[in-house]
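Take the position in the sequence shown, starting the count at 1, then add 475; the result is the number in our numbering.
Positions of the beta carbon are idealized from the N, C-alpha and C atoms, including for glycine.
Let me begin by presenting the structure, written as structure tokens, before commenting on it.
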Amino acid sequence: MNLVWRTQAVILIITLLISQLAFGQKPRISFSFDDGSTADFPGYQLEEWNGMILKALDKHHIKSVLFVAGKRMNNPQGMRVLKSWDVANHKIGNHTWTHPYFPSEKVSLADFEKELLKTDSLIKGYSNYYKYFRFPYLKEGNTLEKRDGMREFLAENGYKNGHVSVDASDWYIFGELLKNLKENSDLNIKPYRDYYLEHIYDRAQFYDSLGTALTGRNIDHVLLLHHNLTSALFLDDLINHFKVNGWEVIDTELAYKDPFYSRIPSVLL
Ligand SMILES: [Zn+2]
Numbered sequence: 476m477n478l479v480w481r482t483q484a485v486i487l488i489i490t491l492l493i494s495q496l497a498f499g500q501k502p503r504i505s506f507s508f509d510d511g512s513t514a515d516f517p518g519y520q521l522e523e524w525n526g527m528i529l530k531a532l533d534k535h536h537i538k539s540v541l542f543v544a545g546k547r548m549n550n551p552q553g554m555r556v557l558k559s560w561d562v563a564n565h566k567i568g569n570h571t572w573t574h575p576y577f578p579s580e581k582v583s584l585a586d587f588e589k590e591l592l593k594t595d596s597l598i599k600g601y602s603n604y605y606k607y608f609r610f611p612y613l614k615e616g617n618t619l620e621k622r623d624g625m626r627e628f629l630a631e632n633g634y635k636n637g638h639v640s641v642d643a644s645d646w647y648i649f650g651e652l653l654k655n656l657k658e659n660s661d662l663n664i665k666p667y668r669d670y671y672l673e674h675i676y677d678r679a680q681f682y683d684s685l686g687t688a689l690t691g692r693n694i695d696h697v698l699l700l701h702h703n704l705t706s707a708l709f710l711d712d713l714i715n716h717f718k719v720n721g722w723e724v725i726d727t728e729l730a731y732k733d734p735f736y737s738r739i740p741s742v743l744l
């Protein structure tokens, strides 16, 4: 009897310790940037705002991925942007050539494969060429033919899916900010920043709770942001916001090592 009790007590203590460890574990998030832009914005030339994103990443000692929509960057300014990311040791990933909407009937599997190859030829010369493919609009294929066709095509070409675990609407805040900055270059950007931090942090908490529900642990997150002015202006604050709320910020490449991203979902998108 005594032995049974003792054994049970030991099991209980071990269970508590394990749950304590899991509970004490910090959630982790990484940052990735889509599309690529060569625009100048009011008050911020391309070189300056692109440099602000790189500076924020550097300040926090994290490496990221720029998922390139090839056509947008296939010009001298775009080449300079890609070079600046490459030199700073961030990865250069693939996000199609023209950013098509894969579920559209006008976009065939063969068209989509060509999109990948065209951007591949643009980025493969970089030292940090990264064979991860991010689907525009995160649409992996709305039919079995498209979805499974692309899964096979990625594998045949040595690519992996550049998954996203935290999706947010930074692009919307960027659109509003840009519109109002064009009208008023003295615009107070603080309300945009506050909303941006609150919105993205809210999304991260939501998706972290889904990840925990699916796996019973904190997964390593990959946040989707865009290469634009809101990232330039607010990324440093966003990273700090995660940190003060107890999150750890990590390299995107490390996040993708989480076995969660090897899962093969059965959904059609
Ligand atoms: Zn995109």
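- Residue burial annotation: Arg-609 is buried, with at least 16 other C-beta atoms found within 10 angstroms of its C-beta.
- Secondary-structure assignment with DSSP links Asn-636 through a beta bridge to Phe-608.
- Beta-carbon to beta-carbon, Val-742 and Val-697 are separated by about 18 Å, too far to satisfy the 8 Å threshold.
- Residue pairing by DSSP leaves Arg-738 without any beta bridge partner.
- With 16 or more other Cβ atoms from the protein chains shown falling within 10 Å of its own Cβ, Thr-705 counts as buried.
- Per DSSP, reduced to three states, the secondary structure at Arg-555 is helical.
- The distance from the Cβ of Asp-509 to that of His-702 is about 7 Å, consistent with a contact at the 8 Å cut-off.
- For Leu-541, the beta-bridge partners assigned by DSSP are Phe-508 and Ile-567.
- Along the segment 691 to 738, the alpha helix (DSSP H) occurs as fully enclosed runs of 4 or more residues at 704 to 719 and 727 to 730, listed in sequence order.
- A buried status is given to Glu-615, since no fewer than 16 other beta-carbon atoms sit within 10 Å of its beta-carbon.
- If the five residues before and after His-638 are omitted, its C-beta is found closer than 7 Å to the C-beta atoms of Val-697 and Tyr-736, all from its own chain and listed in chain order.
- Apart from sequence neighbours up to five positions away, the residues of its chain that approach Met-527 with a beta-carbon distance below 6 Å are Ala-707, ordered along the chain.
- With a cutoff of 8 Å, Asp-509 counts as near ligand 1, since its C-beta is closer than that to a heavy atom of the ligand.
- Residue burial is scored here from C-beta neighbours: Pro-502 has at least 16 other C-beta atoms within 10 angstroms and is therefore classed as buried.
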